[in-house]
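Novice: The structure under discussion is supplied below as structure tokens; questions concerning it will follow.
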Amino acid sequence: MTLASSLAILALITNAYGATYNPVFCGDTVVPLTTHKIMGGVDAKPDQFPNAVAIFRNDHYICSGSLIAPGIIITAAHCFMDRKKQPYLDIVCGDDKECIQKYLGIGYFNKCKMGFYDIENIKETVTVLIGGLPLDSDVKRLPVIDVDPSYVRFFHRGCVQHDIAILKVEDTGNARYSCVSSRINVRNLVNAMAIGWGGDAIKDLTTHNKLQLLDSNIVHPRDECIHKTSGDFPVDGICIDEFQDRNSCSGDSGGPLLAYQDFQRYKHRLVTLGVLSFGSNCKLLRENKAPGGAVYTRLDFYHNMINTVLGLDGFYDDLSFTADVVNHTLEKATE
């Protein structure tokens, strides 16, 4: 299916809250909005990224995210780690290496250091601020009313892959949302943008009140990302360069990697390419740690899953991350 036909189908879909995903409006930075962890970045302009979402737990800012359809937010699964719980694989497998390998596959190790919040806990404690607004904005935060259950796969697979979570909130009305591409050609991406409210080791800030922007980022192909992360690179990832004086930091997790792209007759649309999964500690970068790559979960890898949440005809990919599945998926994603 071509990108144009995918967008045409999306235009017909209405989600559970009565609002419609429409490619005529997704990623449009011209339509007025009626309802505003980066080190070394600059303040984003007011209303520059209306899709940007600040995520709070018990009124404390924890992560960033992106509005990808009315009432639908995408972020990172690791934002919902629970330090008070044991890692999932510690509970079900203990020290049984064969059991762990069954969940992770050959060559992967359990990286989880803790468990995760269940859906009911997230619904009770998590709220979001939509529109790229300052964290201290008086605009009402919306409660999370549901969570797509697939986020637990990140924890079931040892916090190695599937670092993606989809939240549902109250109807966001005419709040502007980004487009989501079904196919990312990383070879042509040289001006990707990272945004978030996270920390800044230069200014000794744990968070920024205003949304921060890092622009002019080159998105690297998989082989370069593997080199930049010393081989610690997930199969569903893309990466951008890190720098000692400008980088995504703690608190930027789940924040979108964005680019302006033309969708044939839909020109210059803001597209969410991925959500921030992990990178180097910004304080260590300032202490001359060698920069690596900031790693994002690429959304085209989960196109079917996202389609299902949006109400499109589709199915969940039960991605086992076998070599055949990986190669097939990456070939389709980069054609």
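With full-length UniProt numbering applied, the sequence shown corresponds to residues 1 to 335, in that order. For every residue, glycine included, the Cβ atom is placed at its ideal position computed from N, Cα and C.
Between which two residues does the beta strand (DSSP E) containing Leu310 stretch?
Specialist: No beta strand (DSSP E) holds Leu310; the alpha helix (DSSP H) holding it covers 303-310.
Novice: First and last residue of the alpha helix (DSSP H) that includes Phe56?
Specialist: Not the alpha helix (DSSP H): Phe56 falls in the beta strand (DSSP E), residues 52-57.
Novice: Check the DSSP bridge columns for Tyr103 and list the partner residues they point to.
Specialist: In DSSP, Tyr103 forms no bridge with anything.
Novice: Quick one: Cα of Ala259 to Cα of Pro50, how far?
Specialist: Looking at the two C-alpha atoms, the distance is approximately 14 Å.
Novice: Does DSSP put Leu142 in a helix, in a strand, or in coil?
Specialist: If DSSP states are grouped into helix, strand and coil, Leu142 belongs with the strands.
Novice: What is the rounded straight-line gap between the Cα of Asp95 and the Cα of Asp82?
Specialist: Distance between the alpha carbons of Asp95 and Asp82: 21 Å.
Novice: So which of Leu211, Ile306, Ala175, Val219 has the shortest CA-CA distance to Ala192?
Specialist: Ranking the options by Cα distance to Ala192, first place goes to Val219.
Novice: Under 8 Å by Cβ, that's how I've got Val271 and Gln261 pegged, so tell me the actual separation to the nearest angstrom.
Specialist: About 5 Å separates the two Cβ atoms, so the contact holds.
Novice: Return the first residue and the last residue of the alpha helix (DSSP H) that Arg269 is part of.
Specialist: Here Arg269 belongs to no alpha helix (DSSP H); instead the beta strand (DSSP E) covers 266-278.
Novice: Over the uninterrupted alpha helix (DSSP H) stretch that includes Ile218, give me the two end residues.
Specialist: No alpha helix (DSSP H) holds Ile218; DSSP gives it neither H nor E.
Novice: Should Asp236 go down as buried or exposed, given a rule of 16 or more other Cβ atoms within 10 Å for buried?
Specialist: Answer is buried; the Cβ neighbour count reaches 16.
Novice: What does a CB cutoff of less than 6 Å around Cys63 pick up in its chain, not counting 5 residues either side in sequence?
Specialist: The answer, listed in chain order, is Ile55, Thr75, Cys79, Ser253, Gly254.
Novice: Is there contact between the stretch 166-185 and the stretch 95-104, where contact requires at least three CB pairs shorter than 8 Å?
Specialist: The stretch 166-185 vs the stretch 95-104: no contact.
Novice: To the nearest angstrom, how far is it from the Cα of Cys239 to the Cα of Asn217?
Specialist: Spanning the two alpha carbons is a distance of roughly 10 Å.
Novice: From the DSSP output, in three-state form, read off Lys168 for me.
Specialist: Lys168: strand per DSSP, three-state reduction.
Novice: Taking the Cβ atom as the reference point for each residue, do Asp146 and Lys113 lie within a distance shorter than 9 Å?
Specialist: Result no, Cβ atoms of Asp146 and Lys113 do not sit closer than 9 Å.
Novice: Quick check on DSSP: helix, strand or coil for His162?
Specialist: Correct three-state label for His162: coil.
Novice: Mapping the DSSP letters down to three states, classify His208 as helix, strand or coil.
Specialist: Coil, per DSSP.
Novice: For Ile306, decide whether its Cβ has a neighbour in chain D, counting only Cβ atoms nearer than 9 Å.
Specialist: Note that chain D does not occur in the displayed structure, where there is just one protein chain.
Novice: Where Gly107 and Pro234 are concerned, what is the direct C-alpha to C-alpha distance, given to the nearest angstrom?
Specialist: Rounded to the nearest angstrom, the two C-alpha atoms are 12 Å apart.
Novice: So, is Gln86 buried or exposed, given that buried needs 16 or more other C-beta atoms within 10 angstroms?
Specialist: Label assigned to Gln86: exposed.
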